[in-house]
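>
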DNA sequence: GTCTATACAATGATAGAC
DNA sequence: GTCTATCATTGTATAGAC
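Protein chains in written order, with my numbering: chain A, 1 to 204; chain B, 205 to 408.
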């Protein structure tokens, strides 16, 4: 007999599937596990999502939409380029904290092996984010706020910092530094890790 | 009838399993796929590795050993801290290029969801690398070569750059920049992305 | 919309011959 | 060491009652 739970059957199925897909992976998660965790039976899942692939797509669609919306709403042009990059990254971090299992799942789909899943193209989400960041970087170079360098290189470094912060929080929480650590990391990459050489004007 | 191939049956099984585990994941890869790709039958795999888990462990053991050995052999104390960090990273990049599928698999085991696999602790490999890098960072701060900051923060930034370079090469090869890109990224993070403020000594 | 019961394919693993 | 043949289990999915 199914156990009574809060929320609609559909939402409980989604939550259960997200949790399992995120921690055990898509291929290793069975329909049986999902429906038991949701407190329903198999036909309920097939009624709402048609197939295992169906619930997979529903999850990815939703989280991709969340990210796109966050991106769109955090791209105001107020402030310096540095301030706008900070704002973008902290908005992404908030999504990550609010929807941790879903973001973890999306991350594993994007970077991980194809676990017998049909192609679900997340590159458009990546392009939206990378494109926005790269535009900010290019603007910073034009305005003289950022050092002139390859805009792609700089974009990749910034993306690496955000991505690695999330990965650490997911896999090695004891090493993770949270939002404050992300801020410190941004400070460091903008400032540079090396001690700067003496300024040319005061050299003999 | 099994197809004749080069190499021992054991090695062919390992190669086939690595390729499948790296691209499709552990859980989504069946014994049948592995043995067919290797040109042998199932009992051959069970003879050499006892179980699916056995071949999984054999692969991870081997690649973890390779990384540990690379780490140990690239830690000479010659040169500046910056030169030694470059040397360490480029050595890791070489392992990555030589054993791309195996490293990809190891990466997915470390960062990805547990795909129904028993615990295989790769944290010791991570600690070896992170520990060596962090020691270099601390030395650079003591000697005045690196800006004083939290050594953990700096270590994480450097690790992020290496990790993200590899991830890009695996998943988005068109965006990846290879070894030269890794060098440029290191230059940028040491130098800093921002234009430095005017030197204090020449300020009014 | 959700259930009970079940169909049917694929999987990990093994016995026993050679 | 490697094969053929086979097994028990698990997996996705569906029919039909309510």
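Cβ atoms here follow ideal geometry from the backbone N, Cα and C, with glycine treated the same way. Here the structure is a predicted model, which is why all the values come from computation and not from measurement.
Measure the Cβ-Cβ separation of residue 168 of chain A and residue 132 of chain A and say whether it is below 7 Å.
Here residue 168 of chain A refers to the residue found at position 168 of the first chain. Here residue 132 of chain A refers to the residue found at position 132 of the first chain. Not closer than 7 Å, so no.
> Mind listing the chain B neighbours of residue 131 of chain A? Cutoff is C-beta to C-beta under 7 Å, in chain order.
Locating residue 131 of chain A in the first chain gives position 131, where the first residue counts as 1. Correct list: empty, because the minimum Cβ distance to chain B is about 12 Å.
> Answer yes or no: does any C-beta atom of chain B fall closer than 7 Å to that of residue 31 of chain A?
Residue numbering aside, residue 31 of chain A sits at position 31 when the first chain is read from its first letter. Residue 31 of chain A does not count as touching chain B.
> Just checking my contact of residue 82 of chain A with residue 145 of chain A at CB under 8 Å: how many whole Å lie between their CB atoms?
Here residue 82 of chain A refers to the residue found at position 82 of the first chain. Here residue 145 of chain A refers to the residue found at position 145 of the first chain. Contact flag correct, Cβ pair sits at about 7 Å.
> Please confirm whether residue 249 of chain B has its beta-carbon closer than 7 Å to some beta-carbon of chain A.
For this step, residue 249 of chain B is matched to residue 45 along the second chain. So, not an interface residue.
> Who are the Cβ neighbours of residue 185 of chain A in its own chain at under 6 Å, not counting the five residues just before and after it?
Your numbering for residue 185 of chain A matches position 185 in the first chain. Excluding sequence neighbours, residue 185 of chain A sits near 161.
> Are residue 57 of chain A and residue 38 of chain A closer than 7 Å when you measure CB to CB?
For the purposes of this step, residue 57 of chain A is taken as residue 57 along the first chain, with counting starting at 1. For the purposes of this step, residue 38 of chain A is taken as residue 38 along the first chain, with counting starting at 1. In this structure, residue 38 of chain A does not lie closer than 7 Å to residue 57 of chain A by Cβ.
> Does the distance from the C-beta atom of residue 362 of chain B to that of residue 190 of chain A stay below 7 Å?
As a working mapping, residue 362 of chain B is identified with position 158 in the second chain. As a working mapping, residue 190 of chain A is identified with position 190 in the first chain. No, Cβ-Cβ distance for residue 362 of chain B and residue 190 of chain A is not below 7 Å.
> So if DSSP puts residue 37 of chain A in a beta bridge, which residue, or which two residues, is it bridged to?
Here residue 37 of chain A is taken as the residue at index 37 of the first chain, counted from 1. In DSSP, residue 37 of chain A forms no bridge with anything.
> So that I know if they touch, is there some Cβ in chain A lying closer than 7 Å to that of residue 297 of chain B?
Taking the second chain and counting its residues from 1, the one referred to as residue 297 of chain B is at position 93. So no, residue 297 of chain B is outside the interface.
> Is there a Cβ of chain A sitting closer than 7 Å to that of residue 400 of chain B, yes or no?
The residue given as residue 400 of chain B occupies position 196 in the second chain. Judged by the 7 Å Cβ criterion, residue 400 of chain B is in contact with chain A.
> Compare the C-beta of residue 252 of chain B against all C-beta atoms of chain A and say whether one is closer than 7 Å.
Residue mapping note: residue 252 of chain B aligns to position 48 of the second chain, counting from 1. No, its Cβ sits nowhere closer than 7 Å to a Cβ of chain A.
> Which residue wins for smallest C-alpha separation from residue 33 of chain A, given the options A/15, A/187, A/86?
The count along the first chain starts at 1 and reaches residue 33 of chain A at position 33. Answer by Cα proximity: A/15.
> Establish whether the CB of residue 205 of chain A and some CB of chain B are separated by less than 7 Å.
Past the boundaries of the shown model lies residue 205 of chain A; chain A is included only from 1 to 204, so the question cannot be answered.
> In this structure, what does DSSP give as the bridge partners for residue 350 of chain B?
In the second chain, the residue the question calls residue 350 of chain B occupies position 146. Answer is A/194, bridged to residue 350 of chain B.
> Judging by CA-CA distance, which residue of A/35, A/151, A/88 is the nearest neighbour of residue 19 of chain A?
In the first chain, residue 19 of chain A corresponds to position 19, counting from 1. Selected option, being the one with the closest Cα: A/35.
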